[in-house]
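*Asks:* Here it is: the structure, laid out below.
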Amino acid sequence: KILHVLQSNEIKPLGGTEFRSVDMRIIAATNRNLSRSIETGQFREDLYFRLNVLPLVMVR
Numbered sequence: 043k044i045l046h047v048l049q050s051n052e053i054k055p056l057g058g059t060e061f062r063s064v065d066m067r068i069i070a071a072t073n074r075n076l077s078r079s080i081e082t083g084q085f086r087e088d089l090y091f092r093l094n095v096l097p098l099v100m101v102r
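Using this note's numbering, read the sequence shown as starting at 43 and increasing by one per residue.
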C-alpha cells in the first residue's frame, strides 16, 4: 500500500469512499542490507527504487 501511495499520490481515508490527493515525503532507515533482501525476495525491488532517492550511508 505504501508503494501505491508513492506512485499515485492518493489515499483513501479509513471508512471513506473517495480518494484524496496527498503531498508527502518518507524518511526511512534500516540496518539491513536491502540489496541482499531484494535478491532473496524479502524486499520489493520497485519499492526500493521509490524510496532510494537520496541515500545516506553512515559509517562507524
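All C-beta atoms in this analysis are idealised placements derived from N, C-alpha and C, irrespective of residue type, glycine included.
It should be emphasised that the depicted structure is a prediction, and the values quoted were computed from it without experimental measurement.
Leaving out five residues on either side along the sequence, give the residues of the same chain with a beta carbon under 8 Å from the beta carbon of I44.
*Replies:* Cβ within range, chain order: I68, L89.
*Asks:* Beta carbon of R86, beta carbon of L48: below 8 Å?
*Replies:* Not in contact: R86 and L48 (Cβ atoms no closer than 8 Å).
*Asks:* In terms of residues, what are the limits of the alpha helix (DSSP H) holding E60?
*Replies:* Element bounds for E60: n/a, residue is neither H nor E.
*Asks:* Which of the three DSSP states, helix, strand or coil, is assigned to I80?
*Replies:* Residue state, collapsed to three classes: helix.
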